[in-house]
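One structure below.
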Amino acid sequence: MAANIIAFASVIPKINEKFPSDDSLFFLFASCDLDADGQLKPMIGGEAQLIKNESTEQKYKYVVKIEVPKGFGEIGAVIVELKDGSPEKFINTVVVANPTSHNTITFSCTSWVQPKNLIPNQRRIFFSTKSYLPEETPAGLVNLRAEDLANLRGQKEDGTVDTNERKAFERIYDYDVYNDLGDPDVDTKWKRPVLGGSVQYPYPRRCRTGRPATVSDPKSEQRSAESFYVPRDEAFSEVKQKMFPTNPGKKDKLGAKPFTDFTQIDLMFRDGIAPPSNPHEILQFNIISTLNASNQSSVQPTPVQPDTPVIKFPPPEALKRDKFNWLSDGEFARQTLAGLNPYCIQLVKSWPLKSELDPEEYGPQESAFTTDLVQKLIGSSLTVEEAIAQKKLFILDYHDTLMQYVEKVRSIKRTTLYGSRTLFFLNSDDTLTPLGIELTRPPKAGKPQWKQVFSPSTQATDAWLWRLAKAHVLAHDSCVHQLVVHWLRTHCCMEPYAIALNRQLSTMHPIYRLLHPHFRFNMRINSNAREILINAGGIIESTFSAGGYSMEFSSLVYKREWQFDTQALPEDLIRRGMAERDASAPHGLKLAIEDYPFANDGL
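Sequential numbering from 34 applies to the sequence shown in the working numbering.
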C-alpha cells in the first residue's frame with residue numbers, strides 16, 4: 034500500500050530579494066535500496082510550491098505532498114531542480130516527514146542551486162544527514178555519490194575534465210599554482226614569479242580559475258576586474274563580502290599613512306574611531322584620517338556625536354600601567370612568548386651558532402655570538418655550556434631565511450634588510466632577558482660580509498643602537514608572522530586540503546562533515562588576499578620588510594621548513610625545543626618555559 038509523505042524546503046533569500054507567489058522547486062527522491070533485480074528504483078518526486086503565509090523575509094518555505102510506493106525503502110538522497118531562467122537559490126534544508134509514523138529525514142543542504150539551463154548536465158544532489166564510509170554506502174546511493182564527486186571535480190559525461198575559465202555560479206574544485214599575483218601586462222615592475230610547480234619556488238596549490246595567460250608572460254594568469262573565482266558555496270554572504278573590499282586604492286598608496294606621533298595612538302584607545310558610513314570602507318586603511326592629534330592635520334575628522342557608534346580598542350594591560358612599556362627589554366622578550374608571534378622562539382640546542390648557507394655566496398658561517406661574547410653577556414653565574422645544558426638560552430633565528438633576500442630587498446629604494454639572530458636568557462623567575470642581537474649583511478661588490486652584535490647598554494649611543502637593532506628584529510618578526518605563520522601556515526597551506534576534501538570525500542563521508550566547517554570560507558579569504566593583500570604592489574608588499582619579494586620569501590620558508598607532521602601541537606613545540614615528552618607532566622609534555630601562554634592555551 035502506498036503512503037504519503039510531505040517534503041518541506043527552507044530557502045534563504047538574498048538581501049531584499051522577493052520570490053513570486055507562484056514560485057516552486059522540483060524534488061526527486063532516491064531510495065537507499067535496489068529493487069529485487071538489483072536495479073535502481075525509479076525516483077519519486079513532485080513540485081514544491083511556495084507557502085507565502087508561512088514564509089518570512091529571512092526564510093521562504095516550500096511544500097509538496099508525494100506518494101511513496103510500497104517497498105520504496107528509506108529515502109537517502111534528494112535532487113533539487115530550479116526552473117530554467119529562475120534566479121539561483123540558497124537551499125538551507127529539505128525535510129521529509131511521514132504524517133503517519135511521525136518519522137522525519139533531514140537534508141542539511143546549505144548550498145546554492147542554479148537553474149537547469151546554466152549547468153544543464155549536472156544534477157544537484159543532496160544526501161541525508163546519515164554518514165557513510167564509501168564501503169558502507171547504501172547500494173541505491175552508490176552511483177549518486179560518484180556522480181556528485183564527478184561534478185565537483187569538473188568531470189564531463191565522457192570522463193574528460195572541464196578546463197574552461199571558471200564562472201561564478203560553478204562549483205568545481207581543481208588545483209593551480211600561484212601564477213596570478215603579478216600584473217605584468219600593466220607594468221613590468223608588477224611581474225612576479227610563479228609560486229608552485231618548481232624546485233626553485235615550491236608552494237601549496239590554490240583553486241584553479243582558468244583565466245587566460247598574460248600577454249607579456251605566458252606563465253602568468255591575467256587578473257580580473259571581477260572577484261576571483263571560488264566555487265559558489267565558498268563565497269561570502271552579501272553582508273560579509275561588503276566587509277572585504279577588493280579595490281582599496283592605488284597600489285602605490287597602500288599603507289602610505291603611518292601614525293605621525295604617539296598621541297594619535299593614544300587617541301585610538303581613548304576616544305575610539307568613528308566607523309565609515311559605508312561598511313565596505315572599513316578595511317580601506319583610513320584610520321589615520323579619522324584621528325586628529327594636534328588639530329594640524331589636513332584631514333579634519335567629523336566630530337563624533339554622543340550617540341554615534343565608534344570602534345573602541347581596549348588598551349593592553351601593559352599599556353595601562355606604562356605607556357612606553359613596549360620600549361623595555363622585558364616587554365621585548367615577553368612578546369616572543371605572549372605577543373603577536375609566539376610561534377618562532379626556539380631553544381638553543383647546539384653551540385656555536387652557525388649558518389647553513391653557502392659561505393662562497395653569503396660569507397663566513399660562524400655567528401658573531403662567540404662563546405667569549407655570550408659569556409660576558411651572561412655574566413659569571415654560569416658558563417655558556419652550562420646555560421645550554423640547563424636550557425637557559427633561547428633564540429629568534431631569522432638569519433638564514435632573511436640573508437637570502439638581503440641584497441634583493443636593499444636594492445629597493447628607501448628599504449633595508451639584515452639577517453638577524455636574537456639571543457635570550459631564561460631567568461630564575463621564568464622570564465626572558467635579551468642578551469643581544471646579531472645583524473648581518475652578505476658580501477657585495479668586493480666588500481666582505483658585515484655582522485655585528487648589539488646588546489643592552491647604559492651608554493647613550495649604544496643604547497640607541499640597541500633600540501634600532503630591536504626595531505629591525507621587530508620588523509623581521511612582523512614580516513615572518515604575517516607571511517609565514519599567518520598567511521602560509523594558517524591560510525595558504527589549508528587551501529589544497531579544502532580542495533582535496535571536496536574532490537575526494539563525499540558530503541556523506543563522516544570526515545567531510547567533521548572538517549567542512551573548519552575549511553568554510555578559507556578559499557574566499559585566500560582569493561581576496563590574492564586580489565589586494567599578497568598581490569604585486571598590494572598591502573603586504575607595501576608595508577612589510579621583504580617588499581616585492583615577500584611572497585618569494587614565503588616560498589623559501591615553505592621549501593626549507595614546512596613539514597605536515599610538525600605543524601600542530603605538541604610536535605611544533607617539541608621541534609623548537611620548547612617542550613619535551615614527559616609522561617608525568619600535564620598533557621605528557623614538560624615545557625622549557627612554564628609561563629608560555631601559546632603552549633599552555635594550545636595544549
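Think of the CB as a built atom: it goes at the ideal place given N, C-alpha and C, for glycine as much as any other residue. The structure displayed is predicted, hence computed values, not measured ones.
- Looking at the DSSP output, residue 77 sits in a beta bridge with 62.
- 484 is the residue among 351, 372, 484 and 579 whose C-alpha sits nearest the C-alpha of residue 399.
- Counting the other Cβ atoms within 10 Å of the Cβ of residue 35 gives fewer than 16, which makes it exposed.
- The DSSP-derived three-state label of residue 421 is helix.
- Comparing alpha carbon positions, the residue from 367, 44, 53 and 63 closest to residue 156 is 63.
- Per DSSP, residue 427 lies in no alpha helix (DSSP H); the unbroken beta strand (DSSP E) holding it starts and ends at 426-430.
- In the DSSP assignment, residue 474 falls within the beta strand (DSSP E) that extends over 465-474.
- For residue 559, the three-state secondary structure derived from DSSP is helix.
- Cβ contact annotation for residue 588 (same chain, cutoff 7 Å, sequence separation greater than five): 228, 234, 235 and 236, in chain order.
- The Cβ-Cβ distance between residue 67 and residue 42 does not fall below 8 Å.
- Taking all protein chains shown into account, residue 295 has fewer than 16 neighbouring C-beta atoms within 10 Å of its C-beta and is therefore exposed.
- Of all C-beta pairs linking the stretch 464-471 to the stretch 596-609, fewer than three are shorter than 8 Å, placing the two stretches out of contact.
- A straight-line Cα-Cα distance of about 37 Å links residue 373 and residue 244.
- Annotation: residue 115 to residue 253 spans about 38 Å, alpha carbon to alpha carbon.
- For residue 537, the closest of 182, 49 and 112 by C-alpha to C-alpha distance is 182.
- With 16 or more other Cβ atoms from the protein chains shown falling within 10 Å of its own Cβ, residue 442 counts as buried.
- Contact between residue 524 and residue 561 is absent: CB atoms are separated by about 10 Å, not below the 8 Å threshold.
- DSSP, reduced to helix, strand and coil, places residue 200 outside both helices and strands of the structure shown, so it counts as coil.
- Exposure of residue 194 is indicated by the presence of fewer than 16 other C-beta atoms within 10 angstroms of its C-beta.
- DSSP links residue 209 through a beta bridge to 239.
- Pairing residue 635 with residue 607, the inter-Cα distance amounts to about 13 Å.
- In this structure residue 103 is not in contact with residue 45, their Cβ atoms being roughly 36 Å apart against a cut-off of 8 Å.
- Shown here, residue 482 sits in coil according to DSSP, grouped into three states, outside any helix or strand.
- Only buried fits residue 427, as 16 or more other CB atoms lie within 10 angstroms of its CB.
- In this model, residue 609 and residue 375 are separated by some 12 Å (Cα to Cα).
- Taken through DSSP and simplified to helix, strand or coil, residue 488 comes out as coil.
- In the three-state reduction of the DSSP assignment, residue 258 falls in the coil class, being assigned neither a helical nor a strand state.
- Distance between residue 275 and residue 564, taken at the CA atoms: about 15 Å.
- Per DSSP, residue 506 lies in no beta strand (DSSP E); the unbroken alpha helix (DSSP H) holding it starts and ends at 493-513.
- When secondary structure is reduced to three states using DSSP, residue 114 falls in the strand class.
- Apart from sequence neighbours up to five positions away, the residues of its chain that approach residue 215 with a beta-carbon distance below 7 Å are 223, 224, 225, 253 and 569, ordered along the chain.
- Of the candidates 271, 60 and 113, 271 places its Cα closest to the Cα of residue 50.
- The alpha-carbon of residue 77 is positioned some 36 Å away from that of residue 198.
- Scanning the stretch 94-140 for uninterrupted beta strand (DSSP E) segments of 3 residues or longer gives 108-114 and 122-130, listed from N- to C-terminal end.
- Looking at 520, 604, 544 and 154, the one whose alpha-carbon comes closest to that of residue 567 is 520.
- When DSSP reads this structure, residue 144 sits in a beta bridge with 124.
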